[in-house]
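Below: the structure, in structure tokens.
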Amino acid sequence: MNNLWTDTGYVSINKKGEQLCGDKVEIIGSSDSCLTLVLADGLGSGVKANILSTLTSKILSTMIDAGMSIEDCVDTIVKTLPVCQVRKVAYSTFTIIHIDHNDTARIIQFDNPNVIFLRNGRNVDYPIVSRMVGDKTVLESTIPLQLDDTFIAMSDGAIYAGVGKSLNFGWQRENIVDFAEAIFDWSMSAKTISTLIVDECNTLYEGEPGDDTTIACVKIKKRNPVNLMIGPPSDPKDVNMMMNLFFSKVGSKIVCGGTTSTLAAQFLGKPINTSIDYIDPEIPPIAHVEGIDLVTEGVITISRVVEYAKAYLSSNDITAPWANRKDGAAQIAQMLFEQATDINFFVGKAINPAHQNPNLPINFGIKIRLIQELAEYLKKMGKNIKVSYF
Amino acid sequence: MNIYICVGSSCHLKGSYNIIALMKEALAKHQLTDKVNVSAAFCLGRCTDGVTIKVDDEIVTGVSPENFDQIFAQYVLNKL
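In order, the protein sequences belong to chains A and B. Here my numbering is used: position 321 in the first sequence is 321, and no number is missing along the way. Here my numbering is used: position 42 in the second sequence is 42, and no number is missing along the way.
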């Protein structure tokens with residue numbers, strides 16, 4: 001057990017005019033044990049490619065996760081994929097990144113552009129062993145991991161970006177390497193790295209991608225726990241107990257809700273300074289309390305965070321409107337989506353009598369549902385989530 | 001003089017943002033920005049009564065853009 005965490009993220013954009021993406025990324029397992037990421041790129045585009053890549057990524061991730069050999073995996077794929085009536089072949093390229101206990105990476109590649117490996121933010125060539133599996137040449141590598149090691153897998157849409165438009169020969173792999181080195185920052189999440197590269201590809205394609213383009217990134221991070229408290233406990237006698245548990249936790253602290261933050265400030269014996277600046281007219285201002293990293297309003301702010309989380313998880317969202325904003329919801333999103341690896345929710349079930357007014361769109365049920373929804377999305381982002389009710 | 005404007009969930013939904021803007025505007029218009037300190041406050045505990053403000057120790061509820069001028073005259077101008 002080390003203090004590391006495997007962060008994963010990916011983004012795809014579809015070929016111009018296509019509703020379905022022919023690239024597919026599948027991630028299974030968890031950072032606590034073994035994690036497998038597969039990026040498959042099906043032959044052609046549209047529905048056929050989508051079926052080929054979906055089958056390939058599902059089969060590979062399931063079999064590799066179960067510890068089966070690459071020979072067995074390739075054999076299964078060859079026997080399973082439907083054969084294209086026009087081209088008479090069944091074909092999907094793939095990249096597999098298998099992380100074992102945040103300690104060793106095994107990379108298996110077939111016909112996708114080679115995975116880029118960054119160590120300390122610089123591109124490093126890694127040993128590749130080429131092997132025949134059936135009639136296919138598969139590349140295999142094993143790399144012992146360090147903090148901040150970053151793997152960038154891509155479909156060939158990435159290296160063709162800009163062909164015949166802004167660039168004659170497209171964006172070569174070495175250009176992507178330069179770009180990745182230039183944007184690298186230790187605090188960046190895998191999703192952000194993927195987003196920035198795909199966004200650049202989209203720009204080179206002048207917004208009209210000539211092929212499905214996908215970037216999937218795996219990054220080794222330090223574990224970073226974040227604790228979020230919302231709502232006072234249902235029994236007022238439990239306030240001290242709840243505060244004690246919350247403030248004894250390791251990691252950053254976020255307190256949401258007016259009453260909750262007032263109680264937390266009292267517990268700490270510090271004044272609460274509410275900011276008067278509305279950065280976003282729809283999100284109430286934040287407050288400052290010494291000893292708490294972020295203090296925000298409750299339900300309205302959290303419902304915006306839930307919206308952000310939903311958009312963040314869709315594989316073709318490349319906007320991330322929260323990334324550079326300073327309002328309460330955007331700051332929570334930055335802390336939870338970008339920085340946190342383990343998140344503890346402290347949810348108080350007290351009913352605020354003022355909120356039971358039928359004219360208000362906020363009530364007790366909504367708060368609990370919002371937190372459950374948010375926890376679900378954060379789990380899908382690969383984070384370790386614990387929700388405790390008081 | 002200290003004025004606190006509630007920006008808790010309920011008051012926010014009922015328009016704290018506009019009241020803050022109106023308050024800043026009114027203070028500037030009457031050249032009172034040096035004499036009056038405006039801050040925001042989390043929940044002042046009067047959630048059902050519309051936007052709540054606190055002028056020194058006095059709570060004023062149900063502030064809206066319609067009655068703002070009258071409230072400003074009564075609770076702020078009157079007391080200075």
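In this text, a Cβ means the ideal position worked out from N, Cα and C, and glycines have one as well. Since the model is a prediction, treat every value here as computed from it, not as a measurement.
Alpha carbon to alpha carbon, how far is A/Met1 from A/Asn112? Reliability fails at A/Met1, whose pLDDT of 47 lies under 50, so the model's placement of it is uncertain and no value is given.
Counting only C-beta atoms, is A/Val299 closer than 7 Å to chain B at any point? With 7 Å as the cut-off, A/Val299 counts as an interface residue toward chain B.
Closest to A/Gly191 by CA distance: which of A/Gly382, A/Pro285 and A/Lys79 is it? Just to set this straight, residue 191 of chain A is Lys in the shown sequence, not Gly. Ranking the options by Cα distance to A/Lys191, first place goes to A/Gly382.
Which residue spans inside the segment 281-318 of chain A form an unbroken beta strand (DSSP E) run of at least 3? 294-296
Identify whether A/Ser92 lies in helix, strand or coil by the three-state DSSP scheme. strand
Would you verify that the beta carbon of A/Thr259 is, or is not, closer than 7 Å to some beta carbon of chain B? yes
Distance between B/Phe68 and B/Val38 (C-alpha atoms, nearest Å): Going by C-alpha positions, B/Val38 is about 15 Å away from B/Phe68.
B/Gly8 at chain A interface by Cβ criterion, 7 Å: yes
Can you list, in chain order, the residues of its chain with a C-beta nearer than 8 Å to that of A/Asp149? Leave out the 5 residues immediately preceding and following it. Ala105, Phe117, Leu118, Arg119, Ile143, Lys219 and Ile220
Closer than 7 Å, CB to CB, is B/Phe72 near chain A or not? Not an interface residue.
Counting only runs that start and end within the segment 16-42 of chain A, where is the alpha helix (DSSP H) found for 4 or more residues in a row? none
Of the listed residues A/Asn202, A/Ser189, A/Ile152 and A/Ser187, nearest to A/Asp178 (C-alpha basis): A/Ile152
Minimum C-alpha distance to A/Cys73 - residue among A/Ile108, A/Val306 and A/Lys48: A/Ile108
First and last residue of the alpha helix (DSSP H) that includes B/Tyr17? Ser16 to Lys29
Would you verify that the beta carbon of B/Ser64 is, or is not, closer than 7 Å to some beta carbon of chain A? no
Interface residues of chain B around A/Pro285 at Cβ under 8 Å? Val7 and Ala40
Could you give the DSSP three-state label for A/His101: helix, strand or coil? coil
Beta-carbon contacts of A/Thr274 that lie in its chain and below 7 Å, excluding the five residues immediately before and after: A distance below 7 Å between beta-carbons, with the five flanking residues on each side excluded, links A/Thr274 to the following residues of its chain, in chain order: Pro285 and Ala287.
Could you spell out where the alpha helix (DSSP H) holding A/Met391 opens and where it closes? Examination of residue 391 of chain A is not possible in this model, given that chain A is present from 1 through 390 alone.
Close beta carbons around A/Pro232, own chain, < 7 Å, minus the five adjacent residues each side: Val239, Thr259, Thr260, Leu263, Gly348 and Ala350, listed in sequence order.
Kindly list, in the order they appear in chain A, the residues whose Cβ is closer than 8 Å to that of B/His12. Pro284, Glu297 and Ile300
For the segment 192-204 of chain A against the segment 60-67 of chain A, are there 3 or more C-beta pairs whose distance is under 8 Å? With the cut-off at 8 Å, the segment 192-204 of chain A and the segment 60-67 of chain A do not touch.
Sub-7 Å separation of A/Gly29 and A/Thr36 beta-carbons: yes
List the DSSP bridge partners of B/Val55. B/Ile3 and B/Glu58
Between which residues of its own chain and B/Leu22 is the CB-CB distance below 7 Å, once the five residues before and five after are set aside? Pro65 and Phe68
Would you call the CB atoms of A/Val299 and B/Ser16 closer than 7 Å? The answer is no: Cβ separation not under 7 Å.
Determine whether the beta carbon atoms of A/Trp171 and A/Leu196 lie at a separation below 7 Å. no
Do the CB positions of A/Thr6 and A/Ser31 come within less than 7 Å of each other? yes
Per-residue DSSP class, three states only, for B/Cys47: helix
Do we get a CB-CB distance below 7 Å when we pair A/Pro281 with the residues of chain B? Yes, its Cβ sits closer than 7 Å to a Cβ of chain B.
Beta carbon of A/Met243 nearer than 7 Å to that of A/Phe267: Contact flag set, yes.
Spatial distance of A/Ser12 from B/Glu58 (CA atoms): 57 Å
Can you list the residues of chain B that A/Ser275 reaches, using a CB-CB cut of under 7 Å? Chain B residues near A/Ser275: Ala40.
For A/Ala375, which residues of its own chain have a beta-carbon under 7 Å away from its beta-carbon, when the five flanking residues on both sides are left out? Phe345, Ile385 and Val387
Tell me, please, whether the CB atom of A/Tyr278 is closer than 7 Å to any CB atom in chain B? yes
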